[in-house]
Structures are given as C-alpha cells and as structure tokens.
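The opening position of the sequence shown corresponds to residue 771 in the working numbering, with each subsequent residue numbered one higher. Ideal Cβ positions, reconstructed from N, Cα and C, are used throughout, including at glycine. Each remark here refers to the structure printed beneath this line.
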Amino acid sequence: MALADHANYRFRILKDIFQALVAPPVLVSLCHGTFNLRFGWWSIPVYLLAIPLAAIIRVQYSDFVQAREARRLGARPIPRVVGKWPGNIDVMLKLKKGLASQYIYEPFLDLFEEYQCTTLNTRFLWVDNIITMDQEHSKCVLATGFGHFWRGTAQRERLENFLGDGIFNRDDEKWKYHRSLARPFFTRNRISDFELFEKYAGRTITVLSNLSSRDEPCNIQDLFARFTIDAASDFLFGENLDTLSKKLPVPSTGCQSDRGSTTDDSWGTFAQAFEAVQRIITMRGRTGFIWPVFELFDDKTAPHVDIIKRWLDPLVKQTLDRKALAQKTGIRSPMEEKTFLEHLADSTEDAGMIRDQLLNVLLAARDTTACLLTYVTYFMTLYPSIAAKMRREVLDVCGDKVPTHEEIRKLKYVKAVIDETLRLYPPVPLNSRQTRPHPCTLPLPDRTYPTESQQPLYLPKSTTIWYSSLLTQRNKELWGPDADEFDPERWIDPKRLARFTSNPMMFTPFSAGPRNCIGQNYAYNEASFFLVRLLQRFDTFTLATDAQPPSSLPPAEWKLGRGRQRVETIYPDAAMTLFIKGGLWIRMKNAHSH
771 MALADHANYR FRILKDIFQA LVAPPVLVSL CHGTFNLRFG WWSIPVYLLA IPLAAIIRVQ
831 YSDFVQAREA RRLGARPIPR VVGKWPGNID VMLKLKKGLA SQYIYEPFLD LFEEYQCTTL
891 NTRFLWVDNI ITMDQEHSKC VLATGFGHFW RGTAQRERLE NFLGDGIFNR DDEKWKYHRS
951 LARPFFTRNR ISDFELFEKY AGRTITVLSN LSSRDEPCNI QDLFARFTID AASDFLFGEN
1011 LDTLSKKLPV PSTGCQSDRG STTDDSWGTF AQAFEAVQRI ITMRGRTGFI WPVFELFDDK
1071 TAPHVDIIKR WLDPLVKQTL DRKALAQKTG IRSPMEEKTF LEHLADSTED AGMIRDQLLN
1131 VLLAARDTTA CLLTYVTYFM TLYPSIAAKM RREVLDVCGD KVPTHEEIRK LKYVKAVIDE
1191 TLRLYPPVPL NSRQTRPHPC TLPLPDRTYP TESQQPLYLP KSTTIWYSSL LTQRNKELWG
1251 PDADEFDPER WIDPKRLARF TSNPMMFTPF SAGPRNCIGQ NYAYNEASFF LVRLLQRFDT
1311 FTLATDAQPP SSLPPAEWKL GRGRQRVETI YPDAAMTLFI KGGLWIRMKN AHSH
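What follows is the structure, given as structure tokens:
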C-alpha cells in the first residue's frame, strides 16, 4: 500500500530499464557460465541480440496470454493502431505533435476515422494504451463497470508531486475518506454561498466597469480565474487571497503564459506555477509510460509545486495553530460555522494531507468554473442575439437586484446556454482510468462506426484508458448532424432534449458514477449568479482581436477544416483543464452608457 500511495516513478523506470536492457545480457552470461558455452568473437553480438530477442518473447507471450484471457471472457481484442515503425513510434510522434499544434483532439478524430471505430488501442512501444470517444465505453468506465477501474498507478506517478494525497489522486478507502470529508460542504445549498458570490462578483464587475469606461480590453479568462479563486479561498478557508486587487495582465505582443496571465507580482508567480505544473503533467500523459526517462534527475514539476506550497502552507499552519488554541481554551465552533480547511484540520494533524486535499479542491473550484464562464462569454461575443436573449430573461426574472436561489432556478435560457457551453467545451475534456490488476471487458460500442463482431471488447489488466467527454459530446451520432453548432435551444425543445433525457450518459461535463463532481451544484450556482450580475450591467460583448497575442490566433488552415474549427476565432487548448490559448481578450459596454 505504501508503494501505491507514494508512487516512485524513478524506481519504476529504472526497474523497466533493467528488465529491458540489463537482464537479457545477464541471463545470457549466466547461461554461458553454467553450460560452458563458447561464443568466441560472437559474444558481444549475442549479448546485444539478447535484448531485442527478450523483448520479442515478452510481447509474444503477452499477446498469447491476452488472447487466452479474451477467449475465456468471450471477448475480442480492441482494434490496434498499426504504424510503419516498430512500436508504432511514428504514430506516437505524429499524435504528440498533432495534439500540440492542431485543433483540439483533431488527431484523435483522425485515428478513429482511419480505423472506423470509436475505441482504439494505440499500442505505443508495445504497451496497451486505450483511447475512446465511445459513450457506452465511457459509461462502463465511469459507472456501470466502476469496480473494474481506478485512477491507478500511472496517474499517481504523473500527479503525485502536485496533488499528492488528495481526492483526485487516490483510490478505494483513501478516496472514500476524502470524499466523505468534502461532501458536506458541496451538497447543500447554503445561503452564505450567494452572499459570497455577490461579494466577489461585485469586485469583478467593478474591475470590468473601470476598464469599460476607458475602452480598454480585458483578458476575461484571467479575471474569471481570479474571481473563482478569491471566492473559493473564502469558501474553503475563510481568507481572501485578494487576487482581484492585484495587477492585471496587459495586451502584449511579447512572451505570454499559456493563458495570457503573465504579471510580475506574487500572484502572477502563483498563477504561472499553477499553469506550468498542469502543462508538464499533460505532456507526461502524452509521452506515455516512458516519461520518467526525461525526468530521471530533475522532476520538472518541483520548482512550480514549491511556489504553490509556499502560498498554501502558511494557511494550513494558521488553521492548525487555531485548532491547538481552541483545544487549550475548550472553545469549539459549530460545524456550520467552520470552513472547509477547519473541517479538514479537525480530522487530521497531517499538514501535508490537509494541503493536498485543499489544493485538489482549489484546482477544481478555480479552473473549471473559470473555464465555463470564459467560454460562455466567448459565445456571447460570437452570437450577440443569444447574449441579448439571456439579458432579457435576466431582467425579466431578476430585475437589477441581487438574484435569489429561486430566481436562478427560473433562468431556463441562461441554464441552456451554460449546458450548451459545457457540451461543446467541457472543462475537463480528457480524463483517464486504469483497469485494476485483472482483465475485464467493455460493452458493445455505440453505433457511430460499423462493428465486425457482436462480442464485447477485451481490456488487459493494469491498462490505461483515456476517454474524451469533448469528443463524445460533439458526436453527431449521439447529438445529430448539428452537433458542432452552438445552439442552446436543443436544451429547451422537448423533441431535441429527448436525445439527452433518454441517454443521460452522453453528457458528462461533471463526470458520472461514484466519482462524479460533488461541486456540480456549487459550480452551476456560481456561474449562473455571476452571469446574472454581468448581464445586468453590460449589454455588449466584443472580441478585442487587437489585444490577442498573434501566436494565439487560429491558424488560417482551420478555415478549411471540419466542425467548429472552421468558425473559431480563438485557439481552444487543454492541459488538465480546458482554456483559451493566450487568454480571451474582450471589450464590454455598460448597458447604461449608450
């Protein structure tokens, strides 16, 4: 258990290297001595040939075992990618390059179309690695076959230094323990949540009003990240990080961070560290199981994680100190008055565990809602008529007052816009699970592509499977021929909505099954509340293309592509969460100023 909880990627890759490169020649040498074999001048070639020969034997034996297990389970193998180079190295390099330069996940779509299926085994370097956009297979991984899958050792290796002992990086009893601690804070609708939203929405609107009065552009993606992290920090540990008062990024043709959040103050340093560590972890995933080879002597996440810890550790220490003081004085606060951080401190004295759990929840609270608000605003710039319809509904239902929980529930069109945005741009567009240390099967694929057999698909033990909610939620077979179009009416028209209500697993922006997002209601409430306050103040939203970094503009060839890339005016990108490359720079006009 200790090894599983504290994955040592260096130990694992050194063991793999030893088995692949050292063990075969050593075995030949032992045979040479034991049986008194005479190789003469052939000794060196024999030792070297032992390496590929052992690899071939291992692969062949693995294939034999898998075929036998598949027959026992009445299943067939998942279709494999077949490259021109050994180990599909050519496909791996092409895919990695494509994911970094093409429209989001377009290289995955190319592979699915080439092999006429929705689930594929890329088999890079002879290691099974599954990718899927199949709704039935995602459903199995997340819900109906939940017991056969876990986060697994591969993800723990990639994330350990960043998310450590937190809810997103643990399985089984540890995960259940973390979830039971967090659930009470996210499953109830608290009046205080709306008070908190109003506090930070007001500060954000003030920033926007000041910029609007000077006709200056704003990187709304960066501002939303500040709004969500300030609200989340108050909600989670009762302290305002006050990032909304810090220096804002300015338009620049120079070097920008991925999300256009570059500032030279302490908050800028934290934000860049937060983004950098996510980018590194994403590249680890794209490199596959061999990524530790490139970090044998230098954990690339370490300096960024150190910056993040320097922000969070003092907060954890203050809370533990207050707990110790309360125990001395015998004064205890009731549960409903405690912050999430205080609740964590009540359950453990382990500062590292508290920080890890706090960081996990902070990541979700900041990035996911900020992503949602960013893309909703992007669509309001593209479709002014939709923004106008949202504003009319807001004014009809809420007037110019602070919205109540009951009024938020009446905003059917605003909710439709939010859901349609989540469909096209889910904040976590790609995720993974690993089969447990025993083989299992996936059900029959959906009808997107023809299948040769009615047998389920065989999944080997300890195999990573990547599933994309973004591709599933744009699948024309599930959503109709207009799946790539932004159309909130699909969530209102009963006939069109029936597609989803009869098959709810085709829309999973907050995941599904036992590990679904416990902060879903909090995110909907926060996003809806903010949009109400935004639309009460502003009625015109336009892209500030003059402020957008040139390197982040969509390539000209996208106009000749397919689907949404033909109409994009921004560059969607993803690390652990979705974002807009270079930021979303816009100008707003106050509804009462013209």
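C-beta contact flag for residue i and residue j at 7 angstroms
i	j	result
T974	F1005	no
L966	A1001	yes
P1197	T1052	no
I848	W1236	no
Q1225	A845	yes
A1344	L912	no
V897	F788	no
F894	N858	yes
D1035	K1017	yes
L1181	V1167	yes
T892	D904	no
K1093	A1115	yes
F932	T1071	yes
I1288	F919	no
A995	A1140	yes
L1248	L1227	no
I1356	A1314	yes
Reduced DSSP secondary structure (H/G/I, E/B, other) of residue i
i	result
P1199	coil
F1349	strand
N1273	coil
L791	helix
L966	helix
Y873	coil
Q1204	strand
T1310	strand
L1066	coil
L1194	helix
N989	strand
M1358	strand
D1254	coil
I1051	helix
D1343	strand
W1061	helix
L1018	coil
F1007	helix
Y885	coil
W855	coil
Alpha-carbon to alpha-carbon, residue j and residue i
i	j	result
E1177	F1308	19 angstroms
R1136	L791	44 angstroms
F781	E1065	12 angstroms
R1029	E1045	8 angstroms
I1350	Y1341	6 angstroms
V816	P794	10 angstroms
A1253	L784	46 angstroms
I1101	Q1088	17 angstroms
R1266	I1156	19 angstroms
A870	K864	10 angstroms
T1057	M1160	43 angstroms
D1170	H1362	12 angstroms
L1354	V1337	16 angstroms
D942	Q1318	45 angstroms
S1232	D786	15 angstroms
S1027	G1352	7 angstroms
D1091	L1132	22 angstroms
Exposure label - residue i; buried when at least 16 CB within 10 Å
i	result
I814	exposed
K1329	exposed
F1067	exposed
C801	exposed
F1300	buried
S1321	exposed
Q744	Because the chain here runs from 771 to 1364, residue 744 falls outside it and cannot be looked at.
I827	exposed
F834	exposed
R720	Outside the displayed span of the chain (771 to 1364) sits residue 720, for which this structure offers no information.
P1230	buried
Residue i CB to nearest heavy atom of the ligand SAM below 6 angstroms
i	result
E1119	No copy of the ligand SAM occurs in the structure displayed, which carries no ligand at all.
Can you find at least 3 beta carbon pairs, one from the region 1034-1054 and one from the region 1069-1087, that sit closer than 8 angstroms?
yes
Three-pair Cβ contact test at 8 angstroms for the region 1269-1282 versus the region 981-988:
no
Inter-stretch contact at 8 angstroms, needing at least 3 Cβ pairs: the region 1140-1149 / the region 1187-1204:
yes
Is there contact here, the region 1123-1131 with the region 935-955, by at least three beta-carbon pairs under 8 angstroms?
yes
Between the region 1239-1246 and the region 874-882, do three or more beta carbon pairs fall short of 8 angstroms?
yes
With three or more C-beta pairs closer than 8 angstroms as the rule, is the region 1253-1262 touching the region 923-933?
no
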